[in-house]
Every structure is written in C-alpha cells, then in structure tokens.
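Asker:
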Amino acid sequence: MAISGLADTFPSFKPGCSRSYVLDFLVTACLVGRKGLRLPYGWTLITKGGPRTGIGEPMANMLHHWINGRKVNAVNGNYGQIFNPATGEVASQVPFATTKQVGDAIASAQAALPAWSTTPPIHRARVMFRFKSLLEQNIDEIATLVSSEHGKILDDARGSTTRGLEVVEFACGIPHLLKGEFTEQVGTNVDSYSIRQPVGVCVGITPFNFPAMIPLWMFPLAVACGNTFVLKPSEKDPSCPLRLAELFKEAGGPDGVLNVINGDKLAVDALLTDPRVDAVSFVGSTPIAEYVYATAAANGK
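Heads up, the sequence shown is in our numbering, so the first residue is 719 and it goes up one at a time.
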C-alpha cells in the first residue's frame, strides 16, 4: 500500500511500516484532526499555532490530580509536558503535586479507610462488578487515551487494557478469596484460625509503558480487599489513570478510596516517607526499584 505525504503531515511517522500499523496510525491521528469529532478525554487539538480551543484561541490544556473523588488543579507553576506521539508537539501539561497535595491525597485515603475496610466484601465486589462493566463500555476511549499519549497502536492499547480488565474480573471474586481458614486439633486441644484483613493505605507507582494495564494490576485488588489507594502514574501519560479513577467513582467507589497524584521525584519521596502509608507497590526500572524499596523499607513500609 503506497501512501504519500505522511512524513510531511506526521513528522514522527516512519516509512516501511505494516498496513495495519499505518491504518491505526491514521485513525488515531484523525480522531483529533477531523472537524466535528469530540476530542478524547485529556486531548487538545494541535495546530501550527499551538494548542487551541474550539473557538480558535490558543490555550494550554492543563490536566489535574484526583483527590477525595474530585479533580484538583495545579497550585504552582511546576508541571511537565505531554507530547502528541503523532506530531511530536506538546498536547497538554501535567501539574506536579506539591508535598501538601500529596499529603492531602494520603489524608483522603486515610479518612476513607475505616468505613471502606469494614464494608462487607460482597458490597465491595458489587462496586468492582460495576467498574468492570464501565471499563468494557469505555474500552475504546481508554485505548485512545493510551494511544494519544504513549503512541501504541489502538489494537495494542486495547489488548493491554484487556489484560488489566482481567485483574478487575478476578477482584470481583473477592468474597470467596477473602475466606479465612480453620483447622481443628493442630495440637492437643488447640485449634487454628486464620483471617484476612486490609493492610491500610496503599501506594502504587507505575511506569509509562502500560498506562492502563499496570495501574489495573494494582488498585482493583487492593481496594477490593478493603484498602484505600494513592496512585502515582507516569507523568508522561497520566490521562488514562485519571479516567480510570473517574470510572471507579462512577461505579460507586466512595470518595477517598482511590486517589491519583501526578508528580516527579518530590511526590514519590513524599509518598515513600509519609508514616500514614502502609504499603508501596512499584513497577519500573531496577535502579528506581532499588531506591523505592530502600526508602520505603526504611520508613516502615
């Protein structure tokens, strides 16, 4: 299949790609280029004059944090740039959280913990069932978000999101998974009981390469078990995790149970050293993993 002019229109496009790659590349680009189509969540139309609104005025599309069930905007000028992988231009900006905002997210999770941890597992499972349904209904939007900021083709983005959805399906079975154990006469006149209880406030730090799948590895099972959660996604592609948090609230997740904080090392260090955080999960490179492990362990995580 011969297509001319792609290199001029899309500077990041590389010739010699397969037909399916070319078609997905064009579909993704056209979603924000064709007049009359609604821009996907977190996207801004990029023109030669820079990001623009629907009325043609230049603007910077600033994202947000998600704390206590609502959007929280930037409070300082510290932010990162998110690039459109089809053009290489800046598509939006992501605010980096202050230490106070990180503390607010942890406080929100801590405040939600007593009620959520004592909610019957069957009721938590019903939230997860609704969340699963919403993910299935919105999987094309989520895949588009992944493609728009990471650059995966849509099929790849859908596939990785589906792998994350499988974890949500597993979490729906939490009433059975949380059953304890009982053994009679492990010793003379001694019986043994085991019960499973939530850990507390959990933190997840996730990389850029799977912005839907890896967060879905972490928080669905954590919250289904009765924990509350603060997610710190990659600052390179944060729109998808923010959308997941919105869908979780739409599914009936109480405010404060799932929070999303955007940031750099300052935010990570605040999460690792805060005494209110009980557990930390991380996926990323080995050097950063060693730093996260050492810092979290030194602070009792």
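The beta-carbon is built from N, C-alpha and C at its ideal position, and this holds for glycine as well.
Beta strand (DSSP E) containing V909: first to last residue?
Answerer: Along the sequence shown, one-based indexing puts residue 909 at 191. Per the sequence presented here, residue 909 reads as Asp, with Val not at that position. Its beta strand (DSSP E) spans residues V908 to S912.
Asker: Given G970, which residues of its chain have a CB within under 7 Å of its CB, disregarding the five upstream and five downstream residues?
Answerer: As a position in the sequence shown, residue 970 is number 252, starting the count at 1. Within the same chain, G970 has close Cβ partners V845 and R848.
Asker: Taking T812 as the reference, give the member of V793, A829 and D822 with the closest Cα.
Answerer: Walking along the sequence shown from the start, residue 812 turns up at place 94. The amino acid at residue 812 is misidentified as Thr; the sequence shows Val. Considering only alpha carbons, the answer is V793.
Asker: In chain order, what are the residue ranges of uninterrupted beta strand (DSSP E) at least 3 long that sit wholly in the stretch 918-999?
Answerer: Within the stretch 918-999, the complete beta strand (DSSP E) runs of at least 3 residues are 919-923, 946-950 and 976-978.
Asker: Keeping to the same chain, check which residues put their C-beta closer than 7 Å to that of F926; ignore five residues upstream and five downstream.
Answerer: Taking the sequence shown and counting its residues from 1, one reaches residue 926 at position 208. If we look at F926 and ignore the five residues flanking it on each side, its Cβ neighbours are H868, S952, K954 and D955.
Asker: Checking 9 Å against the spacing of the C-beta atoms, do A942 and G922 come in under that value?
Answerer: Start at 1 with the first residue of the sequence shown, and residue 942 comes out as number 224. Start at 1 with the first residue of the sequence shown, and residue 922 comes out as number 204. In this structure, G922 does not lie closer than 9 Å to A942 by Cβ.
Asker: Taking the beta carbon of G882 as the centre, do at least 16 other beta carbons fall within 10 Å, making it buried, or is it exposed?
Answerer: Against the sequence shown, residue 882 aligns to sequence position 164. It counts as buried.
Asker: Would DSSP call A889 helix, strand or coil?
Answerer: The sequence position of residue 889 within the sequence shown is 171, counting from 1. DSSP places A889 in helix when its eight states are reduced to three.
Asker: On the three-state DSSP scale, how would you describe P916?
Answerer: The sequence position of residue 916 within the sequence shown is 198, counting from 1. The answer is coil: DSSP assigns P916 none of H, G, I, E or B.
Asker: Straight-line CA distance for N791 to N779?
Answerer: For the purposes of this step, residue 791 is taken as the residue at position 73 of the sequence shown. For the purposes of this step, residue 779 is taken as the residue at position 61 of the sequence shown. Taking the straight line from one Cα to the other gives about 12 Å.
Asker: Considering only C-alpha positions, which residue in the set T862, N786, F966 and K1019 is nearest to G918?
Answerer: For this step, residue 918 is matched to residue 200 along the sequence shown. Cα-wise, what sits closest to G918 is K1019.
Asker: Are at least three pairs of beta-carbons, each pair with one atom in the stretch 813-825 and one in the stretch 996-1013, less than 8 Å apart?
Answerer: In short, these stretches do not touch, since the Cβ pair count stays below three.
Asker: Report the rounded CA-to-CA distance for R994 versus E807, giving the unit in angstroms.
Answerer: Indexing the sequence shown from 1 puts residue 994 at position 276. Indexing the sequence shown from 1 puts residue 807 at position 89. Using only the alpha carbons, I get a separation of about 39 Å.
Asker: Taking S865 as the reference, which of L895, N796 and R876 has the closest Cα?
Answerer: Taking the first residue of the sequence shown as position 1, residue 865 is located at position 147. Of the listed residues, the one whose Cα sits closest to S865 is R876.
Asker: Counting along the chain, where does the alpha helix (DSSP H) carrying S835 start and finish?
Answerer: The sequence position of residue 835 within the sequence shown is 117, counting from 1. Per DSSP, S835 belongs to the alpha helix (DSSP H) from T817 to S835.
Asker: How would you label T762, buried or exposed, when you count the other beta carbons within 10 angstroms and need 16 or more for buried?
Answerer: Here the question's residue 762 lines up with position 44 in the sequence shown. Only weak support exists for where T762 lies, its pLDDT of 37 falling under 50; the value from the coordinates is given anyway. Result: buried.
Asker: Can you give me the Cβ contacts of P972 inside the same chain, cut-off strictly under 8 Å, excluding the 5 residues immediately before and after it?
Answerer: Taking the sequence shown and counting its residues from 1, the one referred to as residue 972 is at position 254. The answer, listed in chain order, is G787, A830, A833 and W834.
Asker: Starting from K789 and walking both ways along the beta strand (DSSP E), at which residues does that stretch end?
Answerer: On the sequence shown, position 71 is the one that residue 789 refers to. Taken as a continuous stretch (DSSP letters only), the beta strand (DSSP E) holding K789 covers R788 to V790.
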